[in-house]
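Student:
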Amino acid sequence: MSSFLYTGILRHVRSHAADHAFSYSLHLYALDLDDLDRLDRATFWFGHNRIRPLALHDRDFLEYGDAPLTDKVRRALAENGVDGDPARIVLVTGLRQFHYIFNPVSFFFCSGDDGKLLAVLAQVNNTFGETHLYVLRPETDPHGYHADKRFHVSPFFPRTGRYAFRLSPPGEQTLDLAITYFLDEDQPALEATFTGTAQPLTPGLLARTVLLHPLRAGMTMPRILWQAGRLYFEKRRPVFTKPDPCAPLTLRQV
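When we follow numbering that gives the first Met the number 0, the leftmost residue of the sequence shown carries the number 0, and every step to the right adds one.
Right under this line is the structure:
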């Protein structure tokens, strides 16, 4: 199998209007979609589309419904003008832990037969029950991508500006992800980064992860609410009312 667990640090640094920064330990998984059913059969600790201590459910990603995740990815690429059929798809995400997860962002790295990256699909979820897909195509810099902001995430920023993504493909040593949000043309307002060290995904590693970090997945939402409370009550940042979705790649859960 060619899937990995990355153990590292998530950092957020806000530099617009009020300085605000925090960091947390985090696990992210790089899952080759061809490994999912084999991993499910290999261990009690992981389930694919069924309840286990750690699990991945196809319905949690991309279009709503229980269609196979590989089919969803291929459909998303074709519908958004990405040429070529991916030979390998690696999903970087958090897993359901004891059947709960909230993933602020997940990345699908889609490569062709020659190993070259066709595109990265970045699925962003907000706390209002909505999800949005950014289709990122390789540019001059093989690890750099850009996208206009089309989706409401933080209530402390408007739905304007742009993102710069720097995403290293999941490797056998490290994973480096960085998203910089520009509120105007040149001034960065927020940077979120993750740097993690790889370990091959084995049944023993999955068991240790659950037993040593049983609350890891469940802490994401409380941490988001805690930091939002600090920005609102301590730093007096104004809140932007959530607008209705404006882009065809923004979906509602309800």
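Even for Gly, the Cβ is constructed at its ideal location relative to N, Cα and C.
1) Out of Q226, F108 and R207, which has the shortest C-alpha to C-alpha gap to T42?
2) Per DSSP, what are the beta-bridge partners of Q198 in this structure?
3) In chain order, what residues of the same chain lie with their CB nearer than 7 Å to the CB of A197, ignoring the 5 residues before and after it?
4) Taking the C-alpha atoms as reference points, what is the distance between R87 and A16?
5) On a CA-only basis, which of P168, L68 and L35 is nearest K115? Give me that one, please.
6) Just list the residues that DSSP pairs F150 with in beta bridges.
7) Starting from V72 and walking both ways along the alpha helix (DSSP H), at which residues does that stretch end?
8) By the three-class DSSP mapping on this structure, what secondary structure does A16 have?
9) By a C-beta neighbour count over all protein chains shown, 10 Å radius and 16 as the cutoff for buried, is V238 buried or exposed?
10) Would L32 and T92 qualify as a contact pair, given that the criterion is a beta-carbon distance under 8 Å?
11) For E129, list the residues DSSP reports as bridge partners.
12) Could you say which of F181, Q186, A118 and L200 lies nearest to L35 if we only look at CA atoms?
13) When the Cα atoms are used, what is the spatial distance from R158 to R40?
14) If you draw a straight line from the alpha carbon of L248 to that of R165, how long is it in whole angstroms?
15) Assign T240 to buried or exposed, taking buried as 16 or more other Cβ atoms, counted over all protein chains shown, within 10 Å of its Cβ.
16) Quick check on the DSSP output: the alpha helix (DSSP H) that includes R165 runs from which residue to which?
17) On the CB-based measure, 16 or more other CB atoms within 10 Å of its CB, does S22 come out buried or exposed?
18) Go through its chain and collect everything with a Cβ distance to L189's Cβ below 6 Å, but skip five positions before and after it.
19) With A118 as the anchor, note down where its beta strand (DSSP E) starts and where it stops.
20) With DSSP as the reference, label Q226 as helix, strand or coil.
21) Leaving out five residues before and five after V72 in sequence, what residues of the same chain have Cβ atoms less than 8 Å from its Cβ?
Tutor: Per the coordinate set shown:
1) Here the closest residue by C-alpha is R207.
2) L4
3) F3, Y5, G170, E171, Q172, T173 and L174
4) C-alpha separation (whole angstroms): 42 Å.
5) P168
6) Answer is none; F150 lacks a bridge partner.
7) Segment L68 to E78, the alpha helix (DSSP H) holding V72.
8) Shown here, A16 sits in coil according to DSSP, grouped into three states, outside any helix or strand.
9) exposed
10) Contact: no.
11) R251
12) L200
13) Going by the C-alpha atoms only, they are around 43 Å apart.
14) 21 Å
15) Exposed, since its Cβ has fewer than 16 Cβ neighbours within 10 Å.
16) Where R165 is concerned, there is no enclosing alpha helix (DSSP H), although the beta strand (DSSP E) it sits in stretches over R161 to L166.
17) Exposed.
18) R13 and Y180
19) Counting along the chain, the beta strand (DSSP E) containing A118 begins and ends at L116 to N124.
20) helix
21) L32, L61, P85, I88, F107, C109 and L120
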